[in-house]
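Novice:
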Amino acid sequence: MTSKSTSVTESIVWSQDKPEPAKRDVAQAMLRGAIGHCPHCNKGKLFTKYLKVTPQCSECHEDYTPNRSDDLPAYLVLLIVGHIVVGGMMSVEANYDWPTQWHSIVWPVLCTVLTLVLLPPVKGAVVALQWALRMHGFSNQPDGDELPALRPAPHHDA
Ligand SMILES: [Zn+2]
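Just so you know, we're using this note's numbering here: the sequence shown kicks off at 1094 and counts up by one.
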């Protein structure tokens, strides 16, 4: 007969369970992003160049490297500009008798100007929307003093 020696040790299992992160104001963040401000603090700038998103806010140090706006701002601008220009062309065609040369100058210039003017605010709003909804890489970022907490997992006795 053999004797068994067992040692009972209390082990702590750490888990990454943490409380639900605080909700962010989506509309406020998108407005701040649309005017080129940091969606978090509204003090720092969101862009370093025309459409280049800053890697980190100069004021609150919010990390913007996870942004993945990709082609969405361009598609949205295309949608907006298309509706304005096509509606304008149809309205002018129906109500006025413009010579063809005017059409060939006014509409391409209007398309170009509207596109260049609308791209930064639309991209800023899209980046801010991703930040506010904690999409992509923004999902794991804590807000301010809200640090990710490690705490013991619930212990279940069999
Ligand atoms: Zn900021």
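Just so you know, even glycine gets a beta-carbon here, dropped at the ideal spot from N, CA and C. Please read all numbers here as calculations on a predicted model, not as lab measurements.
With a threshold of 6 Å, establish whether the CB of cysteine 1035 neighbours any heavy atom of ligand 1.
Specialist: This structure gives no information on residue 1035, because the portion of the chain shown stretches from 1094 to 1251.
Novice: Just grab the DSSP bridge partners of lysine 1138 for me.
Specialist: Indexing the sequence shown from 1 puts residue 1138 at position 45. Paired residues: His1130.
Novice: Determine the extent of the alpha helix (DSSP H) in which glycine 1180 is found, giving its start and end residues.
Specialist: Residue mapping note: residue 1180 aligns to position 87 of the sequence shown, counting from 1. From DSSP, the alpha helix (DSSP H) with glycine 1180 extends over 1165-1188.
Novice: What whole-angstrom Cβ distance do alanine 1221 and alanine 1122 have, given they're in contact under 8 Å?
Specialist: Start at 1 with the first residue of the sequence shown, and residue 1221 comes out as number 128. Start at 1 with the first residue of the sequence shown, and residue 1122 comes out as number 29. Yes, alanine 1221 and alanine 1122 are in contact; Cβ-Cβ is about 4 Å, under 8 Å.
Novice: Kindly indicate which residue of Pro1166, Val1202 and Gln1223 has the alpha-carbon position closest to the one of proline 1214.
Specialist: Position 121 of the sequence shown, counting from 1, holds the residue named residue 1214. It is Pro1166.
Novice: Judging by CA-CA distance, which residue of Cys1131, Leu1144, Ser1162 and Ile1173 is the nearest neighbour of histidine 1154?
Specialist: For this step, residue 1154 is matched to residue 61 along the sequence shown. Residue Cys1131 is the option with its Cα nearest to histidine 1154.
Novice: Just to confirm my understanding: we take phenylalanine 1231, look at its own chain, exclude 5 residues before and 5 after, and list those with CB closer than 7 Å. What are they?
Specialist: Here the question's residue 1231 lines up with position 138 in the sequence shown. Closer than 7 Å at the Cβ level, and outside the excluded window around phenylalanine 1231, lie Pro1159, Gln1223 and Trp1224.
Novice: Do you know how far the Cα of glutamine 1149 is from the Cα of proline 1241?
Specialist: By 1-based counting over the sequence shown, the position of residue 1241 is 148. By 1-based counting over the sequence shown, the position of residue 1149 is 56. Note on proline 1241: pLDDT 45, under 50, position unreliable in the model; no value is reported.
Novice: Comparing alpha-carbon positions, which option in Trp1191, Ala1120, Val1210 and Gly1217 lies nearest glycine 1137?
Specialist: Reading the sequence shown from its first residue, position 44 is the one you call residue 1137. Glycine 1137 has its Cα closest to that of Gly1217, out of Trp1191, Ala1120, Val1210 and Gly1217.
Novice: Can you tell me the Cα-Cα spacing of threonine 1208 and leucine 1226, whole angstroms?
Specialist: In the sequence shown, the residue the question calls residue 1208 occupies position 115. In the sequence shown, the residue the question calls residue 1226 occupies position 133. Going by the C-alpha atoms only, they are around 26 Å apart.
Novice: Identify the residues that DSSP records as bridge partners of valine 1146: which are they?
Specialist: Translated into the one-based positions of the sequence shown, residue 1146 becomes position 53. Beta-bridge pairing links valine 1146 to Phe1140.
Novice: Can you tell me whether histidine 1176 is buried or exposed? The criterion is at least 16 other CB atoms within 10 Å of its CB, across all chains shown.
Specialist: Here the question's residue 1176 lines up with position 83 in the sequence shown. Exposed, by the Cβ-count rule.
Novice: State yes or no: is the C-beta of glutamate 1155 nearer than 6 Å to some heavy atom of ligand 1?
Specialist: Here residue 1155 refers to the residue found at position 62 of the sequence shown. Yes, the Cβ of glutamate 1155 comes within 6 Å of a heavy atom of ligand 1.
Novice: Going by CA-CA distance only, name the one from Leu1124, Val1202 and Lys1145 that's closest to glutamine 1194.
Specialist: Your numbering for residue 1194 matches position 101 in the sequence shown. Out of Leu1124, Val1202 and Lys1145, Val1202 has the C-alpha closest to the C-alpha of glutamine 1194.
Novice: Can you tell me whether alanine 1127 is buried or exposed? The criterion is at least 16 other CB atoms within 10 Å of its CB, across all chains shown.
Specialist: Indexing the sequence shown from 1 puts residue 1127 at position 34. Its Cβ being crowded by 16 or more others within 10 Å, alanine 1127 is buried.
Novice: Tell me whether the beta-carbon of arginine 1125 lies closer than 7 Å to the beta-carbon of histidine 1229.
Specialist: As a working mapping, residue 1125 is identified with position 32 in the sequence shown. As a working mapping, residue 1229 is identified with position 136 in the sequence shown. In this structure, histidine 1229 does not lie closer than 7 Å to arginine 1125 by Cβ.
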